[in-house]
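If you number the sequence shown the way our numbering does, the last residue is 284 and the count never jumps.
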Amino acid sequence: MMKTGLILEGGAYRGIFTTGVLKVLNKYGISFDYIAGVSAGAGNIADYLTKRDDISRSYISVMNKKNSLGFRQLIKSGYFLNIDSMAKEMMTLDDNDAAQILLNTPVDVEIVCSNCNTGRAEYLYERKSVRKLIEIGKASCSIPILSKPIFINNIPYVDGSVTDAIPLKRALTYKKCDKAVIIFTKNVDSKPTDYSKFPLMIRTYFHKKYPRMEYVLLHRTEEYQKELEYVREQEKKGRVFVIRPTAQGIHKFEKNITRLQDFYIHGIDTMERRMDELKDFLSE
1 MMKTGLILEG GAYRGIFTTG VLKVLNKYGI SFDYIAGVSA GAGNIADYLT
51 KRDDISRSYI SVMNKKNSLG FRQLIKSGYF LNIDSMAKEM MTLDDNDAAQ
101 ILLNTPVDVE IVCSNCNTGR AEYLYERKSV RKLIEIGKAS CSIPILSKPI
151 FINNIPYVDG SVTDAIPLKR ALTYKKCDKA VIIFTKNVDS KPTDYSKFPL
201 MIRTYFHKKY PRMEYVLLHR TEEYQKELEY VREQEKKGRV FVIRPTAQGI
251 HKFEKNITRL QDFYIHGIDT MERRMDELKD FLSE
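Below is the structure:
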């Protein structure tokens, strides 16, 4: 029997495109054996598995909270993002029913986090403690410099996209998926955050405590391009189905509610338009 995987790219508020796509997947009863979420994609896992009706509200409600991000939060905590409130809201873990679904799902789920000590990706999940699952979600979303590392079992973690933004190799090689669906949050011409443009800031924050993470951040775009090349190779072999925005993208911290809603609808429309194509891919 064929084993299928679903990979959810990060992208902060751009993840609202993914929520639209996932709503359509749930509508048609499309399921997967393995799911990997990266950064904002960790919150999207909750969208998909809990099947909440209006999943676009999570991003909008986070954005409307005065202390979720910005200079007010910077003055208060020393960091641009309030990763605590954002992760809890987006993963819907303030809802006990949703929390139980996530803890007890039969799906093989992994959230990608970056270990600051080793400079390597780790693939984490939790099935006993809601609090620890929130911490894993926070770690995967903890953007370097803008938010502080999150400690889990005394190990510091930051944004999973730094070390494995597109964990396709994990899905196909380690998890033995026959096919995988990848939902990107950026159009084909967009580029990832290039931390090498901020060498002084990276050195200030990471050189002394986490030198391996410093190296990874400064070479992040090179590794991302390698991952994209692997995606293209597997796509040509018929093992990967890629879904991405075709309309103009939004800023990763978009504040315009209309633009957020439009990007959400674009996700719905994109998946509806390609549903027959996806069904054929999964049935071959």
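From the three backbone atoms N, C-alpha and C, an ideal C-beta is built for every residue, glycine too.
| Item | Value |
| --- | --- |
| From the DSSP output, in three-state form, read off I35 for me. | strand |
| Would Y205 and I145 be called neighbours here (beta carbons separated by less than 8 Å)? | yes |
| Am I right that N44 and L102 are in contact with their C-beta atoms under 8 Å? What's the rounded C-beta distance? | Wrong, their Cβ atoms sit about 12 Å apart, outside the cutoff. |
| Can the beta-carbon of G119 be found less than 8 Å from the beta-carbon of M213? | yes |
| Do the stretch 124 to 132 and the stretch 171 to 184 make contact, defined as three or more Cβ pairs closer than 8 Å? | no |
| Give the list of continuous beta strand (DSSP E) stretches no shorter than 3 residues that lie fully inside the stretch 184 to 216. | none |
| Take C141 as the anchor and find which of R274, L282, M1 and G10 has the nearest alpha-carbon. | G10 |
| Provide the residue(s) that pair with R120 in DSSP beta bridges, ordered along the chain. | N115 |
| Using a threshold of 8 Å, state whether the C-beta atoms of I182 and V240 are closer than that. | yes |
| Roughly how many angstroms separate the alpha carbons of V112 and V162, rounded to a whole number? | 10 Å |
| Going straight from the alpha carbon of E284 to that of R274, what length do you get? | 16 Å |
| Report yes if the CB atom of K110 is closer than 8 Å to the CB atom of A36, and no otherwise. | Here residue 110 turns out to be Glu, not Lys, going by the sequence shown. Taking 8 Å as the Cβ cut-off, E110 and A36 qualify as a contacting pair. |
| Residue ranges of each beta strand (DSSP E) run of no fewer than 3 residues wholly in the stretch 227 to 260, ordered along the chain? | 240 to 243 |
| Could you tell me the alpha carbon to alpha carbon distance between I150 and K138, rounded to whole angstroms? | 7 Å |
| Only counting the same chain, and skipping five residues up and downstream in sequence, which positions put a Cβ closer than 8 Å to that of V231? | I166, L168, I182, V240 and V242 |
| At the level of alpha carbons, what is the spacing between K279 and Y264? | 22 Å |
| Quick check: what's the CA-CA separation for S196 versus E223? | 12 Å |
| Return the CA-CA distance between R220 and K51, expressed in angstroms with no decimal places. | 34 Å |
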